[in-house]
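So for the sequence shown, the working numbering puts the first residue at 1; every next one is plus one. These notes are about the structure you will find just below.
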Amino acid sequence: MSFQFLADAMQDDWYLIAPDWRGFGDTDRSPAGYWFPDYLADLDAFIDYYSQQTPVRLLGHSMGGNVACLYAGVRSEKISHLVSLDAFGLRDANSEQAPARYALWLDQCRQTQSFSTHENINSVATRLQRLAPRLSEQRSRFIAKYWSETSADGKRVFKIDPAHKRVNPVLYRRDEVRACWRQISARTLLVLGKESELFKRYYEEGGQQDCRSNFKNLSEVIIQNAGHMLHLEQPEKLAIVLDDFFRQ
């Protein structure tokens with residue numbers, strides 16, 4: 001339901017599909033954990049099911065944006081338009097980090113992860129407003145109903161597999177990501193929230209130069225008065241941007 005307000009603001013002639021990633025929402029949980037290539041495989045199967053013959057317009061936010069950008073390079077023929085919301089890859093990892101990262105992952109595999117519980121929907125909604133400060137109370141309560149469920153003790157918990165809290169033992173290799181970006185043929189749009197932490201990373205820490213060097217057909221839009229959760233905080237503004245971009 002993260003994209004409900006955006007969907008409501010889009011023009012009526014669009015056919016929109018917003019799946020949950022594995023381990024989120026009402027999807028099954030994976031005892032073996034979660035690996036980035038699995039998300040690409042899920043997306044590949046999903047697109048094959050809904051649009052075998054026609055390239056699709058693909059949008060992703062945060063982790064989903066990074067998955068979408070990788071996929072658009074790996075399966076470039078399947079994507080006509082690509083939009084990444086507040087996501088342009090992670091910081092490059094140093095190989096010297098590997099021993100400690102593997103050790104931490106092994107330690108976490110022996111532990112039981114969990115998320116904080118909440119007394120009621122109002123408490124969940126308050127938490128959501130900390131994630132998205134410009135999200136209205138009414139909308140936060142709407143999202144809270146779908147992002148959480150009642151646990152065995154009557155508390156509310158977020159519908160996310162706690163296994164997602166484990167670190168990824170495989171270091172992030174940005175050169176591999178760049179290689180995928182360079183294969184993208186789709187028109188590409190990066191949308192950033194002006195108040196997002198990634199805004200500074202993009203414009204002041206070399207992110208823009210890196211992206212422009214590796215995306216063939218990249219354009220950028222900044223959404224004012226929005227942070228990382230820009231699709232929740234400013235869905236109407238974002239819908240105007242997307243409608244224009246997707247019709248090009």
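Ideal Cβ placement from N, Cα and C applies to all residues, glycine included.
*Is any beta-carbon of chain C found at less than 8 Å from that of proline 31?*
No chain C appears in this structure, which consists of one protein chain only.
Per the DSSP calculation, serine 148 is bridged to which residue(s)? Here residue 148 is taken as the residue at index 148 of the sequence shown, counted from 1. Phe158.
Going by DSSP in three states, arginine 91 sits in which element: helix, strand or coil?
For this step, residue 91 is matched to residue 91 along the sequence shown. Coil, per DSSP.
Review point. Hey, quick one: how far does the beta strand (DSSP E) through valine 83 stretch, first residue to last?
Key: The sequence position of residue 83 within the sequence shown is 83, counting from 1. Residues 79-85.
- Query: glutamine 248: buried (16+ other C-beta within 10 angstroms of its C-beta) or exposed?
  - Reply: Within the sequence shown, the letter at position 248 stands for residue 248. Burial call: exposed.
*Are the segment 144-161 and the segment 98-107 touching, with three or more C-beta to C-beta distances below 8 Å?*
no
* Asked: Thinking C-alpha only, which one of Ile240, Pro162 and Pro55 is nearest serine 114?
  -> The sequence position of residue 114 within the sequence shown is 114, counting from 1. It is Pro162.
task = Leaving out five residues on either side along the sequence, give the residues of the same chain with a beta carbon under 8 Å from the beta carbon of aspartate 107.
result = Translated into positions along the sequence shown, residue 107 becomes position 107. Answer for aspartate 107: no residue qualifies.
| Neighbour-count burial assignment, valine 167, 16 or more Cβ in a 10 Å radius | Position 167 of the sequence shown holds residue 167. Valine 167 comes out exposed.
task: Return the first residue and the last residue of the beta strand (DSSP E) that serine 219 is part of.
output: The residue you call residue 219 lines up with position 219 of the sequence shown. Start and end: 218-223.
Assign leucine 16 to buried or exposed, taking buried as 16 or more other Cβ atoms, counted over all protein chains shown, within 10 Å of its Cβ. Here residue 16 is taken as the residue at index 16 of the sequence shown, counted from 1. Exposed is the call here.
Checklist entry - Looking at C-alpha atoms only, which residue of His231, Phe245, Ile240 and Asp243 is the closest neighbour of methionine 1? => result Numbered from 1 along the sequence shown, position 1 holds the residue referred to as residue 1. Selected option, being the one with the closest Cα: His231.
Legend entry - glutamine 52 to leucine 40 span [Cα, whole Å]: For the purposes of this step, residue 52 is identified with residue 52 of the sequence shown, where counting begins at 1. For the purposes of this step, residue 40 is identified with residue 40 of the sequence shown, where counting begins at 1. So the alpha carbons of these two residues sit roughly 16 Å apart.
| task | List the residues that DSSP assigns as beta-bridge partners of isoleucine 24. | result | Numbered from its first residue, the sequence shown carries residue 24 at position 24. In the sequence as presented, isoleucine is not what sits at residue 24; that position holds phenylalanine. Answer is Ile160.
Status (buried if at least 16 other CB within 10 Å, exposed otherwise) for glutamine 234: Position 234 of the sequence shown, counted from the start, is the residue given in the question as residue 234. That one is buried.
*Ordered along the chain, which non-local residues of its own chain (more than five positions away) have a Cβ less than 6 Å from that of tyrosine 172?*
Residue mapping note: residue 172 aligns to position 172 of the sequence shown, counting from 1. Only Leu90 and Ala93 meet the Cβ criterion.
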